Structures are given as C-alpha cells and as structure tokens.
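Here the structure comes first, spelled out in structure tokens, and everything after it is commentary.
2 protein chains.
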Amino acid sequence: MAAKQFIQELEEQRRDELIRATYHEVAEKGYSAVTLQDIATRAGVSKGSTLYYFASKEDLFLAALEWMVVHNHARIRRAVEAVDDPVEKVRAAIASIFANAQESRQFFLAYSDFVSIGARNKRFHDLNARFYHGCSGIDREIIELGVSTGAFRSVSIDDASSMSRALIDGLMMQWFFSSEITFEEYRRRCERIILDYLTV
Amino acid sequence: MAAKQFIQELEEQRRDELIRATYHEVAEKGYSAVTLQDIATRAGVSKGSTLYYFASKEDLFLAALEWMVVHNHARIRRAVEAVDDPVEKVRAAIASIFANAQESRQFFLAYSDFVSIGARNKRFHDLNARFYHGCSGIDREIIELGVSTGAFRSVSIDDASSMSRALIDGLMMQWFFSSEITFEEYRRRCERIILDYLTV
DNA sequence: ATTGTTTGACCGACCGTTCAGTTTATAATT
DNA sequence: AATTATAAACTGAACGGTCGGTCAAACAAT
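Taken in order, these protein sequences are the chains called A and B. Sequential numbering from 0 applies to the first sequence in numbering that gives the first Met the number 0. Sequential numbering from 0 applies to the second sequence in numbering that gives the first Met the number 0.
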C-alpha cells in the first residue's frame, strides 16, 4: 500500500512537472507556438510520455490553465486573509497581484493566450468562466465587510467587485502595452483608484 | 493618369477586401486557426493572389489589426464629437463602445487574439502600443474639459483616463466570460462606475 | 509585346497522435 | 535468493495531415 501510495505520488509529480512545463512554455512562446516536444523536453521526458499522462494536447493545456488560476487565486487569498481591516484587505490583494513584475508578466502572457482560446473553445471558456468570479481577490465578502464596517461607501456590491476586477485586468494590460510608467506606479495607481472608488 | 488612378483604387479595394476577410476570419476562428486559404476563399480570390498583395501572412494580419483599431477608434470619435458636454461625451463614448453586442463580440474575439500575439511579436506589440493611448475614446482632452468646466472632480488626468480605459476593457472581458447579466446591463454598469468616479 | 495580375499545383517543414517495442519495477514462483 | 512473469512507464520512429510560401504558366490590359 505504501508502495502504491508512493507510485501515485510519483505519478502526480510527473503530471505536475508537465503542467508547470506547459505553463512556462505557453508564457514564453504562446499557446499555438508551443509543441508537445517543447513541453516534453522542458519536463525532461519524451513526447510519448506526455501523451501517456494526458490524453491530448488540449487536456494538458486545460490542466495547465486550471493549475495557473488556482495557484494564483490561492496566493492572493492568503495575503488577504492575513489582515483584518477591509481597506487593508484590498491593499493586500492589490499588493499581492502587483507583487512581482516578472511573475505578473508571465501570468499575463499565459493568461492572455488562454483568454483568446477560451473565446472559441467551450472547455476553456467554461474553465475561465468558472474561475472568473472573485478571482481578483477583492471578493464580495470584502466589499460587504467594508460596507458594514463603514469603511466603504455603500455603492452596489456588484458594481464594486466588478469595478475592482475590471480595473486590475485593465491596468495589467495597460502596463503590458505601454511602458511609460513602471509596474510599481501601476500598482499605486490601481490602489489609488479602487480605494478612491470604494471609500467614503 | 485617370486610368492609373483607377487601377490603384482597384488595388486598394482588393487589399481592403483581404483585410476585412482577415478580420472576420480571425474573429471567427482565431489567429492561428486561420489559414491563408480561408482568407482567400472568403475574399473570393486565390491563395496566390493573397500573397501577391501582402508579402506574408504576418503582414496581412498586421494590416488587419491596424484597420480594425483605426476604424473602431474613428467610430467612437465621431460619437464623442457629436456632443459638447463632457459628461455627455463620456456617455457617448461608452454608448458607442457598447452599442452592439454582436459587433463587440467580434471585436473582442479578434482583439484578444491580437493581444496575445502582441505579447510576443514585436511588430504587433508596437502597433498595439501605438494605438493604445486614447483608444477608449475617453481621451485626455475630454477629462481636461470636464475638469475645467467643473463637471468632473479634479482627479489626476492620468488616473482618470487610465481608469476609463481599464474599466471598459475589463468589463468587456467580464461580459464575455460571465453570462450572468446582459450586455446592456454591462453598458449601464460601465457608465455608472466611470461617471461615479469622474463626477463630483 | 510588355507589363501587371491571377491561379493552383507543388515543396518543404512541422506537428499531434499512434504504436510497436524497450525498459523498469513489482509480484509471484521456485 | 534467484528467477520468472506481469504490468506499468516510457520511448522514438513513423504516419497522416496541414499550411505558409514559391513558381511557372496562364490571362488580361494597354
């Protein structure tokens, strides 16, 4: 049993390696430019092996998207839960999202690809839609907490969470395409605008 | 000369047909799924002809991106210039952007592809960056006008235009991936949030 | 006849997927 | 303990198909 458990862990580890390799390859080259050979080479296995663990290229990429979104969300959530005050929660979420230019860049690169695939592929679209809500880290609960404690003005909760999410996504894209100001400045701008909108 | 002029117009027309065909094909199938044959067929010419007018697939796609962005921007600009009051200008821009769900969908589909290409291809990136500023239609001049006439509160002009643009992009994406509320409701939400942020 | 335009067959490269077979690890048997 | 059997893990060659780009020939216009 212990052996079997061990085997399963190894298997899980292999899958994880392949998923990480996929993520990095997609971030680097873009979805359609990445070949199974690229991924296999990066993960240190053969092309045949990758299709031993994932039935198809699409399955592997789908797993990579899920992995990427789940990990990202978990990271932000941890940062948010570390503080109590609703304003600080918002600050923590934004700080977490704009923590590292290099990582944000990678995430944006991979995610923009998955968005454009999700626009036409039902499986990717559904996965995107499933993870979209609250994925900014500034969830409904935070807004509700802020309103109930009087820290936020009582703007519609839907508007507030929609606004936060949209602003983060939109500013990420601006940062990516216009190199006028620094990543750090975009972080400050994001915090400023969102808190300006939320607070009294 | 008249004949030559006529020829040139015909040539220009061919190029335009190819560009439109490219735009529609990309919106439908996605950049990497579209083949030169697809475009040629839609435009009613042969693949060879396509490459007679555009040196490469990349050149054609680049022209399509430029066409798409320029036309979109011009359309919004016309709507904005039709009214005088800064608040009405903002309303007009948003109304123009959220005018037609079908067209917005097409635009989003094509543009999301070009974004992900622009993330790695310098030519596409540069084109994106060049057209990015003021492309939301809520340009700096509108903000300045609003502030000077007292219609807007004197928030930083950079923040205000950044915010408008980001919100429009972000809400478009939300609309695309979460079908909870209608396109029309997203339009209203967009207007509400932006004007709430801009006005006193 | 010359120049410009159009075509479709063709080439070479590429890539996802399959598969027959090898290696490795575990279990069974002697 | 040594050997064999069995299944899982893994490999790389090969296949079938696609696609961007080339080109020689055909066609049209002046």
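Note that beta-carbon positions come from the ideal geometry of N, C-alpha and C, so glycine has one too. Given the structure is predicted, the values throughout are model-derived calculations rather than measurements.
In the DSSP annotation of this structure, residue 82 of chain A is not part of any alpha helix (DSSP H), being labelled neither H nor E.
Residues of chain A whose Cβ lies closer than 8 Å to the Cβ of residue 194 of chain B do not exist; the shortest such Cβ separation is about 12 Å. For residue 91 of chain A, same chain residues with a beta-carbon under 7 Å away, outside a window of 5 residues either side, are 78, 79, 81, 82 in chain order. Under the three-state reduction of DSSP, residue 151 of chain A is assigned to strand.
Assigned with DSSP and collapsed to three states, residue 49 of chain B falls in helix. Under the three-state reduction of DSSP, residue 198 of chain A is assigned to strand. When secondary structure is reduced to three states using DSSP, residue 142 of chain B falls in the helix class.
Note that the C-beta distance between residue 157 of chain A and residue 169 of chain B is not below 7 Å. Using a CB distance below 8 Å, the part of the stretch 95 to 129 of chain A facing chain B consists of 107, 108, 111, 112, 114, 115, 116, 117, 118, 119, 124, 127, 128, ordered along the chain. Distance from the Cα of residue 121 of chain A is smallest, within the candidate group B:28, B:15, B:67, for B:28.
Close to residue 42 of chain A, with beta-carbon spacing below 8 Å, lies no residue of chain B; the smallest spacing is near 21 Å. No residue range can be given for residue 99 of chain A, since it is assigned to no alpha helix (DSSP H) and is classified by DSSP as neither H nor E.
Only buried fits residue 138 of chain B, as 16 or more other CB atoms lie within 10 angstroms of its CB. Closest option to residue 109 of chain B, judged by alpha-carbon separation, among B:16, B:22, B:153: B:22.
Separation of the CB atoms of residue 59 of chain B and residue 113 of chain B is rounded to 13 Å, and the pair is thereby denied contact status at 8 Å.
Distance from the CA of residue 196 of chain A to the CA of residue 95 of chain A, rounded to the nearest whole angstrom, comes to 20 Å. Neighbours of residue 67 of chain A across chain B, judged by C-beta separation under 8 Å, do not exist; the nearest C-beta is about 15 Å away. As the crow flies, the alpha-carbon of residue 136 of chain B is around 34 Å from that of residue 32 of chain A. Interface criterion not met: the Cβ of residue 136 of chain B is under 7 Å from no Cβ in chain A.
Residues of chain A whose Cβ lies closer than 7 Å to the Cβ of residue 158 of chain B are, in chain order, 188, 191, 192. In the DSSP assignment, residue 131 of chain B falls within the alpha helix (DSSP H) that extends over 121 to 131.
Note on residue 30 of chain A: 16 or more other CB atoms within 10 angstroms of its CB, so buried under the neighbour-count rule.
When DSSP states are grouped into helix, strand and coil, residue 137 of chain A belongs to the coil group. Of the residues assessed, residue 12 of chain A falls on the exposed side of the cut-off, its CB having fewer than 16 other CB atoms within 10 angstroms. Exposure of residue 181 of chain B is indicated by the presence of fewer than 16 other C-beta atoms within 10 angstroms of its C-beta.
A residue is called buried when at least 16 other Cβ atoms come within 10 angstroms of its Cβ; residue 68 of chain A meets this threshold and is buried. Residue-level contact by beta carbon fails for residue 149 of chain A and chain B, as no gap is shorter than 7 Å. In this structure, the CA atom of residue 129 of chain B is about 31 Å from the CA atom of residue 128 of chain A. Residue-level contact check: residue 61 of chain B does not touch chain A, since none of the beta carbons of chain A fall below 7 Å from its beta carbon. A Cβ-Cβ separation of about 14 Å leaves residue 162 of chain A out of contact with residue 93 of chain B under the 8 Å criterion. For residue 194 of chain B, the CB contacts under 8 Å within the same chain, skipping 5 residues up- and downstream, are 86, 89, 90 in chain order. Around the CB of residue 117 of chain B, 16 or more other CB atoms lie within 10 Å, so the residue is classed as buried. In the structure shown, residue 29 of chain B adopts coil according to DSSP, grouped into three states. Closest in alpha carbon position to residue 74 of chain B, among B:102, B:41, B:160, is B:102. Residues of the stretch 163 to 178 of chain B with a C-beta atom less than 8 Å from some C-beta of chain A are 164, 165, 166, 167, 168, 169, 170, 172, 173, 175, 176, 177, 178, listed in chain order. Cβ atoms of residue 38 of chain B and residue 24 of chain B come within 8 Å of each other, at about 5 Å.
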